[in-house]
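Just below is one structure, and these are the notes that go with it.
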Amino acid sequence: MIGTDVVEIAPVINDRQVLLSVPVRMTLAEMLRDRLDLFGVKLSCEMQVCGVCTVLVDGQPVSSCTYLAADADGRRVSTIEGLAEGEQLHPLQQAFVDHFALQCGFCTPGFIMMAKHLLDRSPDPTRDEVVEYLDGNLCRCTGYAPIIDAVLDAAGRLRTEP
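The numbering used here applies: residue 6 is where the sequence shown begins, and numbers increase by one.
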């Protein structure tokens, strides 16, 4: 890593306050994986084009491969690990399982985090809206149809949850 400057940050990661010293050039993905063992955050292109590293910062999707960890100070960061409640999968996670919307699984956390953002702001999206919204996430295994079906199914599940 280039640079020796270190900063103290206090983000809330998956509803847990943390205090960390991080190099100013460390990315959020590196911090989540290397410092907090949150390996659901994947790294692939490291250029903000594939979507596998997507996490939510204050509810907004960001590419954690280019987002600096220092910029997460005081912010709420949500990763795939924070969606489930104990052993109970989040409806999006369960829908991905039920629709076989993963094969190798490498891209799955990024898709689920983007889909979560979509469903948080648009609880009843059309198929075309899901396709357009997930356009920035790449998958080499599934052909996308099961992913889209899973998101639409999860939308229905979330609308009927108490």
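All C-beta atoms, glycine included, are put in the ideal place defined by N, C-alpha and C.
Residue interval of the alpha helix (DSSP H) (run including residue i)
i	result
Pro-128	Counting along the chain, Pro-128 falls outside any alpha helix (DSSP H), and DSSP gives it neither H nor E.
Arg-162	150-165
Simplified DSSP assignment, three categories, for residue i
i	result
Leu-123	helix
Met-6	Any answer about Met-6 is weak, because its pLDDT of 48 lies below 50 and its placement is not dependable; what the coordinates show is given next. Met-6 falls in the coil class under three-state DSSP.
Gln-53	coil
Val-12	strand
Gln-22	strand
Thr-147	coil
Arg-30	coil
Glu-35	helix
Glu-92	coil
Thr-59	strand
Val-17	strand
Cutoff 7 Å; reference residue i; Cβ partners in own chain excluding five residues on either side
i	result
Thr-32	Ser-69, Cys-70, Thr-71, Tyr-72, Leu-73, Ala-74
Gln-53	Ser-68, Cys-70, Thr-71
Proximity of residue i and residue j at Cβ, strictly below 7 Å
i	j	result
Val-17	Pro-28	no
Ile-14	Asp-78	yes
Pro-167	Met-119	no
Gly-45	Thr-84	yes
Leu-48	Cys-58	yes
Cys-146	Gln-108	yes
Ala-150	Phe-101	no
Leu-24	Arg-40	no
Cβ shell of residue i (< 6 Å), same chain only, five flanking positions each side left out
i	result
Pro-96	Ala-159, Arg-162, Leu-163
Ile-152	Ala-106, Phe-116
Cys-144	Cys-112
Gln-22	none
Thr-165	none
Boundaries (first-last residue) of the beta strand (DSSP E) holding residue i
i	result
Gln-98	From DSSP, Gln-98 is part of no beta strand (DSSP E) but of the alpha helix (DSSP H) over 96-103.
Val-46	Element bounds for Val-46: n/a, residue is neither H nor E.
Arg-81	81-83
Gln-108	No beta strand (DSSP E) contains Gln-108, which DSSP labels as neither H nor E.
Ser-68	65-68
Cβ-based neighbour list, residue i, same chain, cut-off 8 Å, excluding 5 preceding and 5 following
i	result
Val-82	Pro-16, Val-17, Ile-18, Asn-19, Leu-33, Leu-37, Val-60, Leu-61, Val-62
Val-87	According to the sequence as given, residue 87 is Gly; it is not Val. If we look at Gly-87 and ignore the five residues flanking it on each side, its Cβ neighbours are Ile-18, Asn-19, Asp-20.
Asp-168	Coverage of the chain is limited to positions 6 through 167, which leaves residue 168 absent and any answer about it impossible.
7 Å Cβ cutoff, residue i in contact with chain D
i	result
Leu-143	The structure shown contains no chain D; it holds only a single protein chain.
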